[in-house]
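Chains E and D supply the protein sequences, listed in that same order.
The numbering used here numbers the first residue of the first sequence as 1 and each following residue consecutively.
The numbering used here numbers the first residue of the second sequence as 1001 and each following residue consecutively.
We put the CB at the ideal spot given by N, CA and C, even for glycine.
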Amino acid sequence: QKEVEQNSGPLSVPEGAIASLNCTYSDRGSQSFFWYRQYSGKSPELIMFIYSNGDKEDGRFTAQLNKASQYVSLLIRDSQPSDSATYLCAVKAWGGSYIPTFGRGTSLIVHP
Amino acid sequence: GAVVSQHPSWVICKSGTSVKIECRSLDFQATTMFWYRQFPKQSLMLMATSNEGSKATYEQGVEKDKFLINHASLTLSTLTVTSAHPEDSSFYICSASQSQGSFGSGTRLTVV
Chain E
1 QKEVEQNSGP LSVPEGAIAS LNCTYSDRGS QSFFWYRQYS GKSPELIMFI
51 YSNGDKEDGR FTAQLNKASQ YVSLLIRDSQ PSDSATYLCA VKAWGGSYIP
101 TFGRGTSLIV HP
Chain D
1001 GAVVSQHPSW VICKSGTSVK IECRSLDFQA TTMFWYRQFP KQSLMLMATS
1051 NEGSKATYEQ GVEKDKFLIN HASLTLSTLT VTSAHPEDSS FYICSASQSQ
1101 GSFGSGTRLT VV
């Protein structure tokens, strides 16, 4: 059973702070990792994906991957109230099944 | 690119009736689409994989006779919830396999 674990939160941070969202996964064969943002009542939208160990930065977002620890995280710098949403972590194995496994999501609240 | 259009965005129906949800790929051909269901504060749960020109593959526990999937063309997949019951009330989302970010906008189904 492939599992993707996220703390459901809510994670509350003040505006301007760094929000750190974490995700662990059970399948060592996982090769692709994705972070989605989902606003209430809306479908997910892709923020970032990462394939290699290390950090990947895109604007205010940084994804961090540690395959040895089976851990992927998302950092949001200079958090804004508009970042308040649920953040879903998704994991795909390489080859074989290309169907992503989603975590339950972490609710982020950025307060002014 | 890789835009997926989903309709309707919300629907209310009476118990026992059927509801059809459409998912279209607007600027690409989608040989495979995924159908998800999401209950409040839960993650996306894959219901089935829709393959153009062949039968859909259903996940364990999903009734294929209740959730009818048709993928008759490379740009259209439909999910029909037959004999709907209140417990089928949920948020249904489609996604194209070609692009990790291509989710439909979702359909909020309420069965009364």
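Assigned exposure category for residue i - 16 Cβ within 10 Å defines buried
i, result
"A68(E)", "exposed"
"L1026(D)", "exposed"
"V1004(D)", "buried"
"V30(E)", "One detail in the question is off: residue 30(E) reads as Ser in this sequence, not Val. Buried: at least 16 other Cβ atoms inside 10 Å."
"W1010(D)", "exposed"
"Q1029(D)", "exposed"
"L1074(D)", "exposed"
"R28(E)", "exposed"
"H1071(D)", "buried"
"F1067(D)", "buried"
"S1090(D)", "buried"
"Y51(E)", "exposed"
"F1039(D)", "exposed"
"K92(E)", "buried"
"Q1006(D)", "buried"
"G1053(D)", "exposed"
Bridge partner(s) assigned by DSSP for residue i
i, result
"D27(E)", "Beta-bridge pairing links D27(E) to no other residue."
"H1007(D)", "E1022(D)"
"T1110(D)", "I1012(D)"
"V91(E)", "F33(E), T101(E)"
"F1028(D)", "Its beta-bridge partners do not exist; DSSP assigns none."
"H111(E)", "P14(E)"
"Y71(E)", "T24(E), N66(E)"
"A141(E)", "No information on residue 141(E) is available, as it lies outside the stretch 1 to 112 that chain E covers here."
"T86(E)", "Q38(E), S107(E)"
"E1059(D)", "The partner list for E1059(D) (beta bridge, DSSP) is empty, contrary to what the question assumes."
"E5(E)", "T24(E)"
Anticipated Cβ contact below 8 angstroms, residue i with residue j, distance rounded
i, j, result
"R1024(D)", "L1076(D)", "5 angstroms"
"S970(D)", "V1111(D)", "One cannot answer for residue 970(D) here, as it falls past the ends of chain D, which runs 1001 to 1112."
"I18(E)", "I76(E)", "7 angstroms"
"P10(E)", "S107(E)", "4 angstroms"
"A1084(D)", "C1013(D)", "6 angstroms"
"N7(E)", "S73(E)", "No, N7(E) and S73(E) are not in contact; Cβ-Cβ is about 11 angstroms, not under 8 angstroms."
"G16(E)", "S79(E)", "7 angstroms"
Host beta strand (DSSP E) of residue i (start-end)
i, result
"F49(E)", "45 to 50"
"P14(E)", "11 to 14"
"R1037(D)", "1032 to 1038"
"G54(E)", "54 to 58"
"I1095(D)", "Residue identity differs from the one stated: residue 1095(D) is Ser in this sequence, not Ile. S1095(D) -> beta strand (DSSP E) spans 1090 to 1096."
"N1070(D)", "1067 to 1073"
"A1048(D)", "1045 to 1051"
"S1077(D)", "1076 to 1081"
Notebook entry, point to check: Do the region 73 to 90 of chain E and the region 102 to 111 of chain E make contact, defined as three or more Cβ pairs closer than 8 angstroms?
Noted result: yes
Check: Below 8 angstroms, can you find three or more Cβ-Cβ pairs linking the region 1068 to 1082 of chain D to the region 39 to 58 of chain E?
Finding: no
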